[in-house]
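Reading the sequence shown from the start, the letters are residues 3 to 450 in the working numbering. Just so you know, even glycine gets a beta-carbon here, dropped at the ideal spot from N, CA and C. Working notes, beginning with the structure itself.
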Amino acid sequence: MGLLKNLPKVDKFVNNKAFEELSKQLITSISKDTINQYRQDILDEKIQDFTQDDIINDVLKKYKNITKPSLQKVINATGIIVHTNLGRSLINPDSFDRAKEVATSYNNLEYSLQEGKRGERYEHIVSTLQALTGCEDAIVVNNNASAVFLILNTFAKNKDVVVSRGELVEIGGSFRVPEVMSQSGAKLKEIGTTNKTHLRDYENAIDENTSMLMKVHKSNYSIEGFTSEVSYEDIIKVANEHNVIDYYDMGSGHIIDLPYNLDLSEPSLIKYMQHKPSLLSFSGDKLLGSVQAGIIVGKKDLIAKIKKNQLLRMLRVDKITLAILEDNLTSYLKGQTQNIPTLKMLHEDVKTLEQRANTLKQSIEDICKCEVIKTQSLIGGGTTPNKKIPTIALTLEYKDYKANKIEKLLRKQNLIIRIENEKVLIDFRSIQEHEVKEIEEIIRGVFN
């Protein structure tokens with residue numbers, strides 16, 4: 003029991019010089035728990051000896067772990083550009099700096115500088131979206147799931163929404179279209195079959211309780227073989243003929259042409275706006291390459307009704323989101339899409355990626371075995387399902403280490419790679435040019 007007498011008193015222990023610059027309240031809480039744990043370990047005979055420095059070091063280690071930011075920067079070497087688990091689209095540093103200036107100052111978020119009275123927060127992006135898409139009006143909420151819910155709740159509460167059975171999708175986090183409809187108050191009216199839906203299915207489903215014909219983009223899967231679906235253009239025509247709303251949940255709608263024939267499977271916002279749809283919604287942080295947001299564009303009278311829905315206040319975006327989104331949309335208007343990191347990575351030439359891979363290879367081949375290879379990757383983020391794009395990767399081998407062991411060692415240094423055919427791959431499609439040197443330093447630190 004002599005060891006118990008060596009345990010310090012908490013009130014004196016926390017005054018140690020090692021804790022001078024630290025939070026007294028947090029140090030006190032950690033110290034109590036740590037000393038109690040030492041006491042229990044002594045009673046359980048798990049500890050044969052200790053010093054006060056041992057306890058101090060344990061407390062400091064716990065303090066560091068608690069106060070260390072959980073959300074950290076990582077290097078995405080998976081090749082997946084819009085990686086949902088890694089934060090999706092990158093934000094242009096210049097856009098962020100301009101947003102920072104707005105966010106750290108008073109600003110005209112809901113104030114009209116022209117009229118000197120209260121304004122509307124959505125006005126800051128409406129004119130840009132009008133110029134880009136030709137829409138009558140627009141509104142922004144915190145993500146596209148919110149946009150879907152808000153639209154359904156506004157226009158289809160206790161009314162029927164006609165949707166093809168083949169488009170009743172589930173996306174990340176178990177977000178299911180049928181359940182969202184139920185929560186919004188809308189009534190789902192399924193038409194067609196899993197693999198085939200015809201125009202007559204929409205026409206036959208419309209009755210006095212129909213509010214909307216809804217199309218949902220199949221963003222994370224594809225149906226191959228004996229299939230058919232109705233184009234949105236035809237749905238718009240039928241909706242107009244029967245005086246109901248047409249709505250397309252585009253998911254990750256894009257504005258400019260995509261490389262590698264990706265346009266064949268991913269809907270173009272500009273293309274569909276030419277048909278004057280009632281409502282479209284899409285994500286801000288997928289192929290648009292901006293910040294997380296749900297963007298709704300469409301007819302002015304419908305957007306006006308959405309703005310009157312009390313749910314909008316719960317789903318609205320803040321000044322930082324609007325500032326970044328406005329800046330990114332302006333880049334589209336100016337034709338400066340190279341300022342959008344997602345698009346820049348997507349359009350990066352394979353030869354450029356190969357040059358970067360060879361640079362890294364030459365810098366680390368003295369400590370590990372590596373090879374530059376041609377391979378393929380996915381865009382990710384629920385976009386272009388099953389559509390792969392060419393990329394360049396560097397394989398890594400070290401001693402007799404298994405791929406899983408190397409992955410774990412690199413992950414501890416915030417370098418996220420992928421494993422393919424039991425090989426570690428550093429995929430340059432999603433690596434920023436300035437990160438190549440950083441990757442070299444990480445690998446040298448891990449393998450030396």
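task = With Glu192 as the anchor, note down where its beta strand (DSSP E) starts and where it stops.
result = Lys189 to Ile193
query = For Asn94, which residues of its own chain have a beta-carbon under 8 angstroms away from its beta-carbon, when the five flanking residues on both sides are left out?
reply = Asp329, Asn330, Ser333, Asn341, Ile342 and Pro343
ask   = Going straight from the alpha carbon of Arg178 to that of Ile127, what length do you get?
value = 29 angstroms
request  = Using beta-carbon positions only, say whether Thr30 and Val61 come within less than 7 angstroms of one another.
outcome  = no
request  = Quick one: measure Cβ to Cβ for His256 and Glu268, integer angstroms, because I've assumed they're closer than 8 angstroms.
outcome  = 6 angstroms
key: Candidates Leu427, Glu367, Lys288 and Ile322: closest to Ser503 by CA position   = A question about residue 503 goes unanswered here, because the residues of the chain that appear run from 3 up to 450.
query = Under three-state DSSP, which class holds Lys410?
reply = helix
Terminal residues of the alpha helix (DSSP H) in which Thr332 lies = Lys321 to Leu335
task = Would you kindly check if the distance between the Cβ of Glu356 and the Cβ of Ile297 is under 7 angstroms?
result = no
Between the CA atoms of Gly194 and His200 - distance to the nearest angstrom = 7 angstroms
query = Rounded to whole angstroms, how far is the Cβ of Gly383 from the Cβ of Thr86, which I believe are closer than 8 angstroms?
reply = 5 angstroms
ask   = Which first and last residues belong to the alpha helix (DSSP H) in which Arg100 is found?
value = Pro95 to Ala105
message = Between the stretch 44 to 55 and the stretch 352 to 367, can you find at least three pairs of beta-carbon atoms closer than 8 angstroms?
response = no
ask   = Can you tell which of Gly4, Ser432 and Asp303 has the C-alpha that lies nearest to the C-alpha of Glu350?
value = Ser432
message = For the stretch 158 to 171 against the stretch 127 to 144, do three or more pairs of beta-carbon atoms, one drawn from each stretch, fall closer than 8 angstroms, so that the two count as touching?
response = no
One or two residues paired with Thr156 in a DSSP bridge = DSSP output for Thr156 lists no bridge partner at all.
inquiry  = Using the three-state DSSP reduction, which class does Val179 fall into: helix, strand or coil?
reply    = helix
task = Use the C-beta contact count for His219: other C-beta atoms within 10 angstroms, 16 or more gives buried, fewer gives exposed.
result = buried
inquiry  = Based on DSSP bridge pairs, tell me the residues matched to Arg420.
reply    = Leu427
inquiry  = Are there any heavy atoms of the ligand PLP lying less than 6 angstroms away from the beta-carbon of His244, as far as the coordinates show?
reply    = Inclusion of the ligand PLP in the displayed structure is not the case, the ligand content being empty and no account of it being possible.
message = Could you tell me the alpha carbon to alpha carbon distance between Glu443 and Ala105, rounded to whole angstroms?
response = 35 angstroms
task = In the DSSP assignment, find the unbroken beta strand (DSSP E) run with Thr212 in it and report its ends.
result = Thr212 to Val218
key: Extent of the continuous alpha helix (DSSP H) run through Leu314   = Leu314 to Leu317
query = Do you know how far the Cα of Asp429 is from the Cα of Val374?
reply = 10 angstroms
request  = Express the C-alpha separation of Gln185 and Val150 in angstroms, rounding to a whole number.
outcome  = 11 angstroms
task = Could you tell me if Lys191 is buried or exposed, where buried requires 16 or more neighbouring beta carbons within 10 angstroms of its beta carbon?
result = buried
request  = Please go through the same chain and pick out, in chain order, the residues whose beta-carbon is closer than 8 angstroms to the beta-carbon of His409, but skip the five residues on each side of it.
outcome  = As written in the sequence, residue 409 is Glu, which differs from the His given in the question. Result list for Glu409: Ile419, Ile421 and Val426, in chain order.
inquiry  = In this structure, how does DSSP classify Ile4 when only helix, strand and coil are distinguished?
reply    = Reading off the sequence shown, one finds Gly at residue 4, where the question assumed Ile. Correct three-state label for Gly4: helix.
inquiry  = On the criterion of 16 or more Cβ atoms from any shown chain inside 10 Å, does Ile68 qualify as buried, or is it exposed?
reply    = exposed
key: Gly447 classed as buried or exposed, judged by whether at least 16 other C-beta atoms fall within 10 angstroms   = exposed
ask   = What are the start and end residues of each continuous beta strand (DSSP E) run of 3 or more residues lying completely inside the stretch 379 to 409, in chain order?
value = 385 to 399
task = Report the option in Tyr400, Lys336, Gln39 and Leu327 whose CA atom is closest to the CA atom of Leu92.
result = Leu327
request  = Would you kindly report the start and end of the unbroken alpha helix (DSSP H) that includes Phe15?
outcome  = Val12 to Phe15
query = Taking three-plus beta-carbon pairs below 8 angstroms as touching, is the stretch 258 to 276 in contact with the stretch 304 to 311?
reply = no
query = So, Met347 versus Ile83, is the Cβ gap smaller than 7 angstroms?
reply = yes
query = Mind checking whether Lys390 and Gln378 have CB atoms under 7 angstroms apart?
reply = yes
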